[in-house]
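Chains as they are written, first to last, in my numbering: chain A, 1 to 262; chain B, 263 to 524. One structure is given below, encoded as structure tokens.
Protein chains: 2
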Amino acid sequence: MRWVRFSNGNGPVYGILEGDHIEEVSGDPFTGFERSRRTHALGDVKIEVPVIPRTFYCVGRNYAAHILERAAKRGETAILPDRPEVGYRAVNALIAHEENVVIPSDATEKVHYEGELVAVIGKKAKHLSEADALSCILGYTIGNDVSERTWQRSDRTFWRSKNTDTFKPMGPWIETDVDLDALQTTVRLNGETTTEFRTNEMLFGVGTFISTMTRYLTLYPGDVIWMGTDGDSPDLKAGDVVEIEISGIGLLRNKFVAEEPF
Amino acid sequence: MRWVRFSNGNGPVYGILEGDHIEEVSGDPFTGFERSRRTHALGDVKIEVPVIPRTFYCVGRNYAAHILERAAKRGETAILPDRPEVGYRAVNALIAHEENVVIPSDATEKVHYEGELVAVIGKKAKHLSEADALSCILGYTIGNDVSERTWQRSDRTFWRSKNTDTFKPMGPWIETDVDLDALQTTVRLNGETTTEFRTNEMLFGVGTFISTMTRYLTLYPGDVIWMGTDGDSPDLKAGDVVEIEISGIGLLRNKFVAEEPF
């Protein structure tokens, strides 16, 4: 099942996508819903961010190749994480499928994409074993962890390198029927494939993260966990279009534009 | 004016505290409200976390003495930050005034308090000058940035050292009429004063942070910014009661208890 959050004149509502049509629901997939029999053509609505998370978790350094490549570029020796440790991103930075990533006027040329699988929590969860960990998941969507690498290296925190407004595209929708081992992530820049990897070849998988996290913290419906990225990105500039496709989930597309003077 | 979020049988509602009585309102201080003429004695209600933030910002290393003392304890040379850089905390960890901080069974003895001023954003804001920065603030409350120092040093992120469930007491209410320069923070452990500092003697003040942050990001109503702490904490154990008082705002009190077996 595919959950789409969209607007069509009024405020955002949820619907179930079947083919090219959305059946609107009252309520939402987290607290309960009823089908309405009101349908919309997918092309007639504006797709919104699929969920505004209560807490926005994000895993860094979770694919060996990505860690090794980035360390080699800096002439450093890579150290692979020996345990799952989650980080955070900020809600202000979220944008939807087809919305524009705005590159600040003082950013350097080192603006990169990171194509990521996103786990969307559907049920309150604490103390889940690894065997039960996936039981709290509603479904999966796609994220682009846009990063300004010069700021990422020079700043003490990720506040502007990764959380500048518009730097966190997420969508287009939430797919509930997913075989993690079958997923393939493909990133295209202006139509050409620039990064490809098996989505589930993570150092620590979704279940390991959820089991470890819920030893100490409660996950809530609507929380999201971005699972990290593999490979490397070319430098992006205004006019570029980045598509992140994860087979079986969908395709997240965003154009990069220059900041207007303010 | 003091905004209290409380429950009294039903779900949380907002009210205005005058003396020992709360006048309940419909709505909230962020999107609009109407007075109801329903009043409650402060002692008859359960005080809730004053706001569930959309984004939970938290400043680290913002008082010179705190940085110098912690570095000296580790035998390291302190480096003071040369610019304001904000970090993040997680909503799962929030608890209210008089709720218990639960120390995980595998935590070390190095569990510490950090008494902090909290700025609560009332209006959407971007590109604020330093002169206008405080115009987006609804008011101020108090936070205790409880930290497990062994995990803080050994982990790559603050996920469990600072964001374990119950590690972020916030409250008791939001005070809108505040003279920042007049504030004094006092922390008491089991009734004895253990830390005292002038609240506004920060390396970078509230206005400087908001002006810098809004160059890159939009602040939204309900966002909170915890402003960092001064001084140092003794090791805390089950049974301890920590009170953080900021003159002119209020007093946040929480007991520390041991985790029950799960």
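All C-beta atoms in this analysis are idealised placements derived from N, C-alpha and C, irrespective of residue type, glycine included.
Of all the options B:I508, B:I329, B:G349 and B:I436, which has the alpha carbon lying nearest to the alpha carbon of G484 (chain B)?
By 1-based counting over the second sequence, the position of residue 484 (chain B) is 222. Checked all of B:I508, B:I329, B:G349 and B:I436; the closest Cα to G484 (chain B) is B:I436.
Return helix, strand or coil for T412 (chain B), following the three-state DSSP convention.
Taking the first residue of the second sequence as 1, we reach residue 412 (chain B) at position 150. DSSP places T412 (chain B) in helix when its eight states are reduced to three.
Would you say the beta carbon of S135 (chain A) comes nearer than 6 Å to a heavy atom of the ligand SAH?
With respect to the ligand SAH, the structure offers nothing, as it holds no ligand at all.
Starting from H112 (chain A), find everything on chain B with Cβ-Cβ shorter than 8 Å and list it in chain order.
Reading the first sequence from its first residue, position 112 is the one you call residue 112 (chain A). Chain B residues near H112 (chain A): none, gap ~17 Å exceeds 8 Å.
Which residues of chain B have a Cβ atom closer than 9 Å to the Cβ of F6 (chain A), listed in chain order?
In the first sequence, the residue the question calls residue 6 (chain A) occupies position 6. Under the 9 Å cutoff, chain B gives no residues; its nearest Cβ is about 21 Å from F6 (chain A).
CB-CB under 7 Å to N272 (chain B), same chain, minus the five flanking residues each way: which ones, in chain order?
To locate residue 272 (chain B), count along the second sequence from 1; it is residue 10. Cβ within range, chain order: n/a, list empty.
For a minimum of 3 consecutive residues, which ranges assigned as the beta strand (DSSP E) are wholly contained in the region 187-219 of chain A?
Qualifying beta strand (DSSP E) stretches, in chain order: 192-198.
Excluding sequence positions up to five away, which residues of its chain have a Cβ less than 6 Å from the Cβ of Q414 (chain B)?
For this step, residue 414 (chain B) is matched to residue 152 along the second sequence. The residues are S423.
Taking the runs of the beta strand (DSSP E) that are 3 residues or longer, which of them lie wholly in the region 65-110 of chain A?
Here the runs fully enclosed are 86-88 and 101-103.
Out of B:A444, B:F268, B:P496 and B:I314, state which residue places its alpha-carbon closest to the alpha-carbon of R411 (chain B).
The residue labelled residue 411 (chain B) in the question sits at position 149 within the second sequence. Checking every option, the nearest Cα to that of R411 (chain B) belongs to B:P496.
Does the CB of F347 (chain B) have a neighbour CB from chain A at under 7 Å?
In the second sequence, counting from the first residue as 1, residue 347 (chain B) sits at position 85. Note on residue identity: the sequence assigns Glu, not Phe, to residue 347 (chain B). With 7 Å as the cut-off, E347 (chain B) counts as an interface residue toward chain A.
Hey, V550 (chain B) and S298 (chain B) are a contact pair by Cβ (cut 8 Å); roughly how many whole angstroms apart?
A question about residue 550 (chain B) goes unanswered here, because the residues of chain B that appear run from 263 up to 524.
Once the 5 residues before and after N62 (chain A) are set aside, which same chain residues still bring their CB inside 7 Å of it?
As a working note, residue 62 (chain A) is residue 62 in the first sequence. Excluding positions up to five away in sequence, the list reads M202, L203, F204, M227 and G228.
Which residues in the same chain have their Cβ closer than 6 Å to the Cβ of T166 (chain A), if we skip the five residues on either side of it in sequence?
The count along the first sequence starts at 1 and reaches residue 166 (chain A) at position 166. These residues qualify, in order along the chain: I95, V101 and V102.
Pick helix, strand or coil for S495 (chain B), following the three-state DSSP scheme.
In the second sequence, the residue the question calls residue 495 (chain B) occupies position 233. In the structure shown, S495 (chain B) sits in coil (DSSP, three-state: anything other than H, G, I, E or B).
Use the C-beta contact count for S367 (chain B): other C-beta atoms within 10 angstroms, 16 or more gives buried, fewer gives exposed.
By 1-based counting over the second sequence, the position of residue 367 (chain B) is 105. With fewer than 16 other Cβ atoms within 10 Å, it is exposed.
Find the nearest neighbour of N200 (chain A) within the set A:P12, A:L117, A:A131 and A:I225, judged by alpha-carbon distance.
Your numbering for residue 200 (chain A) matches position 200 in the first sequence. With distances taken between Cα atoms, N200 (chain A) lies closest to A:L117.
Short check: CB of V86 (chain A) to CB of V59 (chain A), under 7 Å?
Indexing the first sequence from 1 puts residue 86 (chain A) at position 86. Indexing the first sequence from 1 puts residue 59 (chain A) at position 59. Yes, Cβ-Cβ distance for V86 (chain A) and V59 (chain A) is below 7 Å.
What three-state label does DSSP hand L134 (chain A) in the structure shown?
Counting from one through the first sequence, the residue named residue 134 (chain A) turns up at place 134. L134 (chain A) falls in the helix class under three-state DSSP.
Touching or not, the region 234-245 of chain A and the region 253-260 of chain A, by the rule of three or more beta carbon pairs under 8 Å?
Judged by Cβ distances under 8 Å, the region 234-245 of chain A makes contact with the region 253-260 of chain A, as three or more pairs qualify.
Any idea what DSSP makes of A444 (chain B), helix, strand or coil?
Here residue 444 (chain B) corresponds to residue number 182 of the second sequence, with the count starting at 1. In the structure shown, A444 (chain B) sits in a helix (DSSP, three-state: H, G or I).
What's the C-alpha gap between D177 (chain A) and T108 (chain A)?
Within the first sequence, the letter at position 177 stands for residue 177 (chain A). Within the first sequence, the letter at position 108 stands for residue 108 (chain A). Whole-angstrom Cα-Cα distance: 40 Å.
Give me the Cα-Cα distance between V187 (chain A) and H112 (chain A), rounded to the nearest whole angstrom.
Taking the first residue of the first sequence as 1, we reach residue 187 (chain A) at position 187. Taking the first residue of the first sequence as 1, we reach residue 112 (chain A) at position 112. Distance between the alpha carbons of V187 (chain A) and H112 (chain A): 12 Å.
So for D427 (chain B), helix, strand or coil by DSSP?
Position 165 of the second sequence holds residue 427 (chain B). Residue state, collapsed to three classes: coil.
DSSP three-state label for L251 (chain A), please.
If you number the first sequence from 1, residue 251 (chain A) lands on position 251. Note: L251 (chain A) maps to strand in three-state DSSP.
Using only the alpha-carbon positions, how far apart do F33 (chain A) and I506 (chain B) sit?
Counting from one through the first sequence, the residue named residue 33 (chain A) turns up at place 33. Counting from one through the second sequence, the residue named residue 506 (chain B) turns up at place 244. So the two alpha carbons sit approximately 43 Å from each other.
Could you tell me the boundaries of the beta strand (DSSP E) in which S288 (chain B) lies?
The sequence position of residue 288 (chain B) within the second sequence is 26, counting from 1. Run containing S288 (chain B): H283 to D290, per the beta strand (DSSP E) assignment.
Using a beta-carbon distance below 7 Å, is F471 (chain B) in contact with chain A?
Residue 471 (chain B) sits at position 209 when you count from the first residue of the second sequence. Closer than 7 Å: no.
Just to confirm my understanding: we take T455 (chain B), look at its own chain, exclude 5 residues before and 5 after, and list those with CB closer than 8 Å. What are they?
To locate residue 455 (chain B), count along the second sequence from 1; it is residue 193. Within the same chain, T455 (chain B) has close Cβ partners T448 and V449.
For a cutoff of 7 Å on Cβ pairs, would you count T419 (chain B) as touching chain A?
Mapped onto the second sequence, residue 419 (chain B) falls at position 157. So, interface residue.
Quickly, what does DSSP pair G32 (chain A) with across the bridge? List them, please.
Locating residue 32 (chain A) in the first sequence gives position 32, where the first residue counts as 1. BP columns for G32 (chain A) point to A:D28.
Please check if any C-beta of chain B sits within less than 7 Å of the C-beta of T218 (chain A).
Numbered from its first residue, the first sequence carries residue 218 (chain A) at position 218. At least one chain B Cβ lies under 7 Å of T218 (chain A).
Quick check: what's the CA-CA separation for G19 (chain A) versus S409 (chain B)?
Here residue 19 (chain A) corresponds to residue number 19 of the first sequence, with the count starting at 1. Here residue 409 (chain B) corresponds to residue number 147 of the second sequence, with the count starting at 1. Cα to Cα, the separation comes out at about 49 Å.
Does DSSP classify L117 (chain A) as helix, strand or coil?
Counting from one through the first sequence, the residue named residue 117 (chain A) turns up at place 117. Strand.
Secondary structure at G171 (chain A), three-state DSSP: helix, strand or coil?
Looking up residue 171 (chain A) in the first sequence gives position 171. Note: G171 (chain A) maps to strand in three-state DSSP.
What residues from chain B crowd round P50 (chain A), counting only those whose CB sits closer than 9 Å?
Your numbering for residue 50 (chain A) matches position 50 in the first sequence. Simply none; closest approach about 17 Å.
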